[in-house]
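Student:
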Amino acid sequence: MTRIRRGYIAWRRRTKIRLFASSFRGAHSRLTRTITQQKIRALVSAHRDRDRQKINFRHLWITRINAAIRERGACHSYSRLINDLYKRQLLLNRKILAQIAISNRNCLYMISNEIIKEVSWKESTETELPGE
Amino acid sequence: MAMTYATSSSAMLTPLHNRSPVLFTFSTTATKHNITGKTSRNHQIRCQQQQVQQRNLAPVEQRWMFTDSDFTGPDVWNKTWYPKAEDHVNTEKTWYVVDATDLILGRLASTIAIHIRGKNLATYTPSVDMGAFVIVPNGVLMPINIGKCRESCGIRKKETQKLYRRHSGRPGGMKVETFDQLQQRIPERIIEHAVRGMLPKGRLGRDLFTHLKVYTGPDHPHQAQKPIDLPIRDKRIQKQT
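Order-wise, the sequence lines are chains A and B. Counted from 1, the first sequence has number 49 at position 49 by UniProt numbering; the numbering is strictly sequential. Counted from 1, the second sequence has number 156 at position 156 by UniProt numbering; the numbering is strictly sequential.
(1) Just the Cα atoms here: how many angstroms apart are B/ILE135 and B/VAL214?
(2) Spatial neighbours of B/TRP95 within its chain, please: C-beta separation below 6 Å, excluding the five flanking residues on both sides.
(3) Check the C-beta distance from A/ARG72 over to A/ILE115 and give it rounded, since I have them as a contact under 8 Å.
(4) Should A/THR63 be flagged as near chain B, meaning a C-beta pair shorter than 7 Å?
(5) Is there a C-beta anywhere in chain A that falls below 7 Å from the one on B/TRP95?
(6) Could you name the residues of chain B that A/ARG105 contacts, counting a contact when the two beta carbons are closer than 9 Å?
(7) What residues are listed by DSSP as bridge partners for B/LYS175?
(8) Going straight from the alpha carbon of A/GLN99 to that of A/THR127, what length do you get?
(9) What residues in the region 47–71 of chain A have a beta carbon less than 8 Å from any beta carbon of chain B?
(10) Does any residue of chain B bring its CB to less than 7 Å from the CB of A/ILE102?
(11) I want to see whether chain A comes within less than 7 Å of B/TRP81, judged by CB atoms only; does it?
(12) I need the boundaries of the beta strand (DSSP E) containing B/ILE135, first residue and last residue.
(13) According to the Cβ coordinates, are B/MET130 and B/GLY139 closer than 7 Å?
(14) State the CB to CB distance for the pair A/ILE69 and A/HIS76, rounded to an integer number of angstroms; the pair is presumed to be in contact (CB under 8 Å).
(15) Give me the chain B residues within the contact set of A/ALA74, using Cβ-Cβ distance strictly less than 9 Å, ordered along the chain.
(16) Select from A/ILE4, A/LEU85, A/LYS95, A/THR15 the residue whose C-alpha is nearest the C-alpha of A/SER120.
(17) Quick check on DSSP: helix, strand or coil for B/SER40?
(18) Do B/LYS175 and B/ARG185 have their C-beta atoms within less than 7 Å of each other?
(19) Just tell me which of B/ARG170, B/GLY172, B/GLN181, B/ASN90 has its CA closest to the CA of B/GLU159.
(20) Determine the DSSP secondary structure at B/LEU105, reduced to helix, strand or coil.
(21) Starting from A/ILE82, find everything on chain B with Cβ-Cβ shorter than 8 Å and list it in chain order.
(22) Quick check on the burial criterion: 16 or more other C-beta atoms within 10 angstroms. Buried or exposed for residue 209 of chain A?
(23) Closer than 8 Å by beta-carbon distance: list the chain B residues that pair up with A/ALA96, in chain order.
(24) With C-beta atoms as the reference, is A/PHE20 less than 7 Å away from A/GLN38?
(25) Could you tell me if B/GLN44 is buried or exposed, where buried requires 16 or more neighbouring beta carbons within 10 angstroms of its beta carbon?
(26) Check whether the Cβ atoms of A/ALA46 and B/ALA122 sit closer than 7 Å, and answer yes or no.
(27) Got a sec? Which residues, its chain only, sit under 7 Å from B/ASP219 by beta carbon, not counting five neighbours each side?
(28) Since B/ALA113 and B/VAL195 are thought to touch, with beta carbons under 8 Å apart, how far apart are those beta carbons, to the nearest angstrom?
(29) Can the beta-carbon of B/LEU163 be found closer than 7 Å to that of B/THR101?
(30) Mind pulling the chain A residues with CB within less than 8 Å of B/LYS119?
(31) Roughly how many angstroms lie between the CA atoms of A/TYR109 and A/ILE35, to the nearest whole one?
(32) Report the rounded CA-to-CA distance for B/LYS93 versus B/LEU208, giving the unit in angstroms.
(33) Please tell me whether B/ALA224 has its Cβ less than 7 Å away from any Cβ of chain A.
(34) Run through DSSP, which three-state label would B/GLN238 get?
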């Protein structure tokens, strides 16, 4: 029998994967079997980290808002700010609050002062009502 | 020139039609505006041309939504801020001084670590060194570890019982020292050990650790940096007498 090569089908499939892993380091961009494994791992990491990215960014915003608010004084904290935001039904999310904290700190202080005033006013009027 | 611009603008108009039904009625009138506007803006980037188109296509009462006087630059609001190189230059960071006499060790180390890492700043970024430098003179006179039981007992418990361990890497190479012995030998290492345990471990953590300067005596060679006093929020950091 003459020797028959198997053609280009597998070669074409592997080239696509190779293109994906073309920027990987060392053997991960050179050896075929390693390339397929590394591509799978890369895609798995990307999938998992797309969900983690949302979590991570939210943590970062919370830390930044906390830092900016605590500079005001001992009784100010992120938890109280968020509590007052919800009581006032203000729909600002943490991302925007963090961006305000960085770019325009006075604006954030104005917001927090307004919220605290409103909330304390409301609480004082509620306590004046006769309870049963 | 005007004819070529008309054809290109009409080609670009059709995708806009599909996307925004509000602007549908103004196609015929808008093309005239576009021709006059575009001849002066030959070299603009394509997305800016589309912004101009959107503004001219909008009905008059909605044009305020598309005025991009503030929005010509990169999107500040929708992308979380990340520091550029000039935001964390080492020469422009603040320098703090904390005198370590009669302060509790752990609470002092915690405050220092927060300031070195930059977690008290609104511009905190975990991957970038945004923190300040901290100088600690009088590292010997030191933070004394005082617990509640000690005040009543009067025994110097931690000075004789707190152990500092290190290992040389070879088998049987564990070396143990008490707090007292280390204070006699290398007093700076106590505060450094405490702060290093509170900083992140990794490349960035090791770089952050170099921002801590501990000195045994009361003076330090960093007068040129004009250090300011470290603002301490912890009320229990002072030794209670």
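Heads up, the beta-carbon is just placed ideally off N, CA and C, and yes, glycines get one too. Fair warning: this is a prediction, and the values are worked out from it, not measured in the lab.
Tutor: This is what the structure holds:
(1) Working through the second sequence from its first residue, we reach residue 135 of chain B at position 135. Working through the second sequence from its first residue, we reach residue 214 of chain B at position 214. Approximately 6 Å between the Cα atoms of the pair.
(2) Start at 1 with the first residue of the second sequence, and residue 95 of chain B comes out as number 95. PHE133, GLN225, PRO227, listed in sequence order.
(3) Locating residue 72 of chain A in the first sequence gives position 72, where the first residue counts as 1. Locating residue 115 of chain A in the first sequence gives position 115, where the first residue counts as 1. Not a contact, Cβ separation roughly 13 Å.
(4) The count along the first sequence starts at 1 and reaches residue 63 of chain A at position 63. Closer than 7 Å to some Cβ of chain B, the Cβ of A/THR63 qualifies, so yes.
(5) Here residue 95 of chain B refers to the residue found at position 95 when the second sequence is read from its first residue. False, the Cβ-Cβ gap to chain A never drops below 7 Å.
(6) Sequence index remark: in the first sequence, residue 105 of chain A carries index 105 (1-based). The answer, in chain order, is ALA122.
(7) Looking up residue 175 of chain B in the second sequence gives position 175. Note: B/LYS175 sits in a beta bridge opposite B/ARG166.
(8) For this step, residue 99 of chain A is matched to residue 99 along the first sequence. For this step, residue 127 of chain A is matched to residue 127 along the first sequence. Their Cα atoms are separated by approximately 36 Å.
(9) PHE57, LEU60, TRP61, THR63, ARG64, ILE65, ALA67, ALA68, ARG70, GLU71
(10) Position 102 of the first sequence holds residue 102 of chain A. At least one chain B Cβ lies under 7 Å of A/ILE102.
(11) Residue numbering aside, residue 81 of chain B sits at position 81 when the second sequence is read from its first letter. Chain A, which has a Cβ nearer than 7 Å to the Cβ of B/TRP81, makes this yes.
(12) Numbered from its first residue, the second sequence carries residue 135 of chain B at position 135. Where B/ILE135 is concerned, the enclosing beta strand (DSSP E) stretches over 133–136.
(13) Counted from its first residue, the second sequence places residue 130 of chain B at position 130. Counted from its first residue, the second sequence places residue 139 of chain B at position 139. Cβ atoms of B/MET130 and B/GLY139: not closer than 7 Å.
(14) Walking along the first sequence from the start, residue 69 of chain A turns up at place 69. Walking along the first sequence from the start, residue 76 of chain A turns up at place 76. 5 Å between Cβ atoms; contact.
(15) If you number the first sequence from 1, residue 74 of chain A lands on position 74. Chain B residues near A/ALA74: ARG233, LYS235.
(16) The residue given as residue 120 of chain A occupies position 120 in the first sequence. The shortest C-alpha separation from A/SER120 is found at A/LEU85.
(17) By 1-based counting over the second sequence, the position of residue 40 of chain B is 40. Low confidence applies here, because B/SER40 scores a pLDDT of 42, under 50, leaving its location unreliable; read the following figure in that light. Coil, per DSSP.
(18) In the second sequence, counting from the first residue as 1, residue 175 of chain B sits at position 175. In the second sequence, counting from the first residue as 1, residue 185 of chain B sits at position 185. No, these two residues do not count as a Cβ contact at 7 Å.
(19) Numbered from 1 along the second sequence, position 159 holds the residue referred to as residue 159 of chain B. The option with the nearest alpha carbon to B/GLU159 is B/GLN181.
(20) By one-based count along the second sequence, residue 105 of chain B stands at place 105. Three-state DSSP puts B/LEU105 in a helix.
(21) As a first step, residue 82 of chain A is located in the first sequence; it is residue number 82 there, counting from the start. Near A/ILE82 there are no residues of chain B at all, since even the closest Cβ is about 16 Å away, more than 8 Å.
(22) Because chain A in this structure spans residues 1 to 132, residue 209 of chain A falls outside the shown range and cannot be described.
(23) As a position in the first sequence, residue 96 of chain A is number 96, starting the count at 1. Checking the displayed sequence, the identity of residue 96 of chain A turns out to be Ile instead of Ala. Correct list: TRP77.
(24) Taking the first sequence and counting its residues from 1, the one referred to as residue 20 of chain A is at position 20. Taking the first sequence and counting its residues from 1, the one referred to as residue 38 of chain A is at position 38. No, they are not a contact pair.
(25) Position 44 of the second sequence, counted from the first residue, corresponds to residue 44 of chain B. Note on B/GLN44: pLDDT 42, under 50, position unreliable in the model; the coordinate value appears next. Label assigned to B/GLN44: exposed.
(26) Along the first sequence, read from residue 1 onward, the residue named residue 46 of chain A stands at position 46. Along the second sequence, read from residue 1 onward, the residue named residue 122 of chain B stands at position 122. For A/ALA46 and B/ALA122, no; Cβs fall outside 7 Å.
(27) Translated into the one-based positions of the second sequence, residue 219 of chain B becomes position 219. These residues qualify, in order along the chain: PRO137.
(28) Within the second sequence, residue 113 of chain B is the residue found at index 113, counting from 1. Within the second sequence, residue 195 of chain B is the residue found at index 195, counting from 1. 5 Å between Cβ atoms; contact.
(29) As a first step, residue 163 of chain B is located in the second sequence; it is residue number 163 there, counting from the start. As a first step, residue 101 of chain B is located in the second sequence; it is residue number 101 there, counting from the start. Contact: no.
(30) On the second sequence, residue 119 of chain B is found 119 positions in, with the first residue counted as 1. Result: THR63, ALA67.
(31) In the first sequence, residue 109 of chain A corresponds to position 109, counting from 1. In the first sequence, residue 35 of chain A corresponds to position 35, counting from 1. Taking the straight line joining both Cα atoms gives about 53 Å.
(32) As a position in the second sequence, residue 93 of chain B is number 93, starting the count at 1. As a position in the second sequence, residue 208 of chain B is number 208, starting the count at 1. C-alpha separation (whole angstroms): 13 Å.
(33) Looking up residue 224 of chain B in the second sequence gives position 224. Not an interface residue.
(34) In the second sequence, residue 238 of chain B corresponds to position 238, counting from 1. If DSSP states are grouped into helix, strand and coil, B/GLN238 belongs with the strands.
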